[in-house]
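What follows is one structure encoded as structure tokens, with my remarks underneath.
Numbering (my numbering), first residue to last: -4 to 89.
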């Protein structure tokens, strides 16, 4: 959906009957597209969940996984902290 459409829908701006019909059609098309995307992603997750993990006793693999987990937590923490500080600055300026 276009940003203009989203803004109009959120603001509940008055629109003509023709615009309302177009807006409803665009919204319906976007909902249909999102439902198809959701179905595709659910199917992919089911396929991933059905895969057997064969290397459960590999020490090297376990070490690599823990390294990845620590790295992912660090990246997530930094992203949250930086977005939090950006939100704080934005909130103070408004």
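Beta carbons are placed, not taken as given, at the ideal position from N, Cα and C, and that holds for glycine. Remember, it's a predicted structure, so these values are computed and weren't measured experimentally.
Distance, Cα to Cα, residue 67 vs residue 60? 10 Å
How should residue 72 be labelled, buried or exposed, when 16 other C-beta atoms within 10 angstroms of its C-beta is the threshold for buried? exposed
Using three-state DSSP, classify residue 68 as helix, strand or coil. helix
Coarse secondary structure for residue 53, derived from DSSP in three states: coil
Can a CB atom of chain C be found closer than 7 Å to the CB of residue 16? The displayed structure is made up of one protein chain only, and chain C is not part of it.
Whole angstroms are fine: how far does the CA of residue 54 sit from the CA of residue 25? 47 Å
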